[in-house]
Amino acid sequence: MAIEAPATRPANPRFSSGPCAKPPVFTLDRLSDAALGRSHRAAIGKAKLKDAIENTREILGVPADYHIGIVPASDTGAMEMAMWSLLGARKATMVAWESFGSGWVTDVVKQLKIDAEVKTADYGDIVDLASLDFDTDVVFTWNGTTSGVRVPNGDAIPASREGLTICDATSAAFAMDLPWDKLDVTTFSWQKVLGGEAAHGMIILSPRAVERLESYTPAWPLPKIFRLTKGGKLIDGIFRGETINTPSMLAVEDYLQALEWAKSVGGLKGLIARADANAQAIHDFCAAKPWIANLANDPATASNTSVCLKFTDDRITDGAAFAKAVAKRMENEGAALDIGAYRDAPAGLRIWCGGTVETSDIEAMLPWLEYAFETEIAAL
Ligand SMILES: Cc1ncc(COP(=O)(O)O)c(C=O)c1O
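Quick note: this note's numbering has the sequence shown finishing at residue 411, numbered continuously throughout.
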């Protein structure tokens with residue numbers, strides 16, 4: 032029986048989990064106001080960097096007494112900077128349920144050699160945050176981008192705790208509610224939920240994190256690129272847009288434009304609603320098809336950004352080859368780009384559902400997923 036291809040394709044087939052789709056209104060013309068060829072320390076450059084910080088604060092609802100900085104090396108830079116600057120003052124708890132969290136565990140245990148309890152869960156599951164000792168410094172990832180499993184809320188984190196919470200929120204910020212009173216260090220990169228450009232990271236520090244920075248000096252040397260203090264005092268300028276080294280003013284302009292777009296769709300609430308609607312369309316699809324399921328075992332932890340799927344059909348013998356063939360077919364058909372599961376994750380697909388993706392594109396893509404599945408099954 033011939034399998035019929037769907038009649039229409041998504042207007043935008045970009046469903047990559049990073050760099051993510053740009054806002055639907057994006058055109059290169061929108062960057063024409065970028066302060067190109069000018070010093071980032073000139074008034075115009077500084078003003079744009081400060082705007083990026085203040086608009087981030089406004090949209091994410093970051094409290095006024097938290098510091099927000101733009102730092103080098105994307106989310107990885109922001110997380111490394113936090114871990115190398117803050118950890119070691121007390122015992123740490125390292126929490127991981129997918130590849131990126133595992134990377135932070137390796138850094139802390141093998142590179143920094145910090146006394147740490149390591150708590151892990153398999154892909155699809157999550158570590159119970161209520162089981163952790165928050166009098167230690169706890170390092171965790173809010174949304175596991177490679178497993179599609181997220182922290183459902185911050186209820187398990189005590190508001191009064193001795194340790195710091197260091198949270199990699201790169202695929203959560205601008206798509207999920209982040210409880211600022213429970214987070215001492217929060218990081219993300221521009222290339223994720225708002226579809227910005229890579230290379231720049233954001234670090235958000237609570238007053239307690241600043242207190243630690245100003246009262247504790249790690250035993251190891253810190254490269255300039257990680258240094259947040261000078262002479263035992265926070266380098267305030269970093270949190271006003273006086274970046275440690277030279278940023279891309281083109282990327283800054285792009286981020287400013289993305290923030291403007293975010294405001295136009297209702298800010299954080301609007302962004303969350305968009306991601307929720309996208310993820311729900313996929314959840315509904317999975318519920319209706321016996322051959323595909325969410326990798327997240329508990330729906331309460333299922334991500335609304337990096338939705339990870341596994342094929343459950345008994346006829347499939349080589350899961351990795353099958354998933355790869357489906358993703359390739361989707362790409363060749365122009366129906367979905369970059370939807371293969373992450374290289375270290377179980378075989379399957381990962382479809383980005385953050386707010387820059389239009390629900391109509393998810394809806395137009397799903398019949399192609401069925402078509403690609405049926406075609407590959409027929410070819411077995
Ligand atoms: C949870 C998580 N942490 C860290 C990273 C690394 O981000 P970057 O490449 O922006 O440094 C990613 C990238 O996908 C991620 O999803």
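Heads up, the beta-carbon is just placed ideally off N, CA and C, and yes, glycines get one too.
Quantities reported herein were computed from a predicted structural model and do not represent experimental measurements.
Distance from the CA of PHE270 to the CA of ARG72, rounded to the nearest whole angstrom, comes to 14 Å.
Check the Cα spacing between LYS300 and each of ASP285, ASP344, ALA206 and PRO321: the tightest is with ALA206. With three or more CB-CB distances shorter than 8 Å, the stretch 218 to 230 counts as touching the stretch 43 to 61. The stretch 141 to 157 and the stretch 109 to 119 touch, with no fewer than 3 CB-CB distances between them shorter than 8 Å. Between PRO55 and GLU389, the C-beta spacing is below 8 Å. Here ASN309 is buried: its Cβ has 16 or more other Cβ atoms, across all protein chains shown, within 10 Å.
In the structure shown, PHE219 falls within a strand segment according to DSSP collapsed to helix, strand and coil. The C-beta of ILE34 has fewer than 16 other C-beta atoms within 10 Å across all chains shown, which makes the residue exposed.
In terms of CA proximity to ALA358, ALA372 leads the group GLY175, THR387, ALA372 and ARG88.
Beyond the five residues adjoining it in sequence on each side, THR39 comes within less than 8 Å, by CB distance, of ALA395 in the same chain, given in chain order. Beta-bridge pairing by DSSP links ILE188 to no other residue. The beta carbon of ILE84 is closer than 8 Å to those of ILE99, GLY100, ILE101, PHE270, ARG271 and GLY272 in its chain, skipping five residues each way along the sequence.
In the structure shown, THR390 adopts helical secondary structure according to DSSP, grouped into three states. The residue from GLY155, ASP156 and THR137 with its alpha-carbon nearest to that of GLU148 is THR137.
When distances are taken from the beta-carbon of THR176 to the heavy atoms of ligand 1, the shortest one is below 7 Å. Using a Cβ distance threshold of 8 Å, GLY298 and ILE90 count as a contacting pair. In this structure, CYS339 is the residue among THR124, CYS339 and THR277 with its C-alpha nearest to the C-alpha of GLY155. By the beta-carbon neighbour count (other beta carbons within 10 angstroms, threshold 16), ASP329 is exposed.
C-alpha of GLU401 to C-alpha of ILE313: approximately 12 Å in a straight line. Cβ contact annotation for SER334 (same chain, cutoff 6 Å, sequence separation greater than five): ASN174, GLY179 and ARG181, in chain order. With respect to the 8 Å criterion, GLU129 and ALA376 are classified as neighbours on the basis of their beta carbons.
Of the candidates LYS294, ALA65 and ARG381, the residue whose Cα lies closest to the Cα of LEU326 is ARG381.
If you look at VAL102, you'll find it in the beta strand (DSSP E) that goes 98 to 103. Beta-bridge partners assigned by DSSP to ALA147: ALA123. In this model, ARG346 and CYS384 are separated by some 29 Å (Cα to Cα). Going by C-alpha positions, ASP215 is about 15 Å away from TRP115. Taking 8 Å as the cut-off, the Cβ atoms of ARG239 and LEU195 count as close. Between ALA282 and GLU228, the C-beta gap is smaller than 8 Å, which places the two residues in contact.
Here the C-alpha atom of ILE303 lies approximately 22 Å from the C-alpha atom of ALA42. Secondary structure of ASN86 (DSSP, three-state): helix. For LEU236, the enclosing beta strand (DSSP E) has its first and last residue at 231 to 236. Beta-carbon to beta-carbon, TRP322 and PHE342 are separated by about 6 Å, close enough to satisfy the 8 Å threshold.
In this structure, VAL296 sits away from LEU265, with a CB-CB distance that is not shorter than 8 Å. The C-beta of ILE157 has 16 or more other C-beta atoms within 10 Å across all chains shown, which makes the residue buried.
For ALA203, the CB contacts under 6 Å within the same chain, skipping 5 residues up- and downstream, are TRP173 and ASN174 in chain order. Judged by beta-carbon spacing, PRO44 lies within the 8 Å limit of GLY365, meaning their Cβ atoms are closer than that value.
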